[in-house]
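Report on the following structure.
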Amino acid sequence: QHYALAPIDQQYKKNLARIKGESFEPETLVEASAGDCNTTEQLDAWRKAKEEPLKSVPAAYQKYAKAPIEAEYKKQYERITGESAQVAPTPPANAADCNTTAELKAWRK
Numbered sequence: 062q063h064y065a066l067a068p069i070d071q072q073y074k075k076n077l078a079r080i081k082g083e084s085f086e087p088e089t090l091v092e093a094s095a096g097d098c099n100t101t102e103q104l105d106a107w108r109k110a111k112e113e114p115l116k117s118v119p120a121a122y123q124k125y126a127k128a129p130i131e132a133e134y135k136k137q138y139e140r141i142t143g144e145s146a147q148v149a150p151t152p153p154a155n156a157a158d159c160n161t162t163a164e165l166k167a168w169r170k
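Next up, the structure:
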């Protein structure tokens, strides 16, 4: 619902600024879905907006919530650029989730 109201809210703010005689700086709108993104900048903003609410999720469970976001990001990145996404792997949330020494070193950092 937020995405449906965003263009209306932006038009309201534009007209309000015009009536008050102030300048209007349009806000950058985040696309509702990754499939709507046409640039990597839009796609990065989409991913950031999707991951923002996950900060309240316990660290041990974030990887489960982030996995579909990363999969969609990679899919759409390949669509936009025509090349494979080179996304740095997210280190495990805790040492018990590490399966290799490389993962353990990444977690430690």
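Just so we're aligned, residue 62 is where the sequence shown starts under our numbering, counting upward by one.
We treat Cβ as the ideally placed atom computed from N, Cα and C, and that holds for glycine.
- For K116, there is no enclosing alpha helix (DSSP H), as DSSP gives it neither H nor E.
- For A154, there is no enclosing alpha helix (DSSP H), since its DSSP letter is neither H nor E.
- Pairwise C-beta distances place the segment 107 to 121 in contact with the segment 91 to 98, as three or more of them are shorter than 8 Å.
- A straight line joining the alpha-carbon of A163 with that of I130 spans about 24 Å.
- C-alpha of V118 to C-alpha of A167: approximately 21 Å in a straight line.
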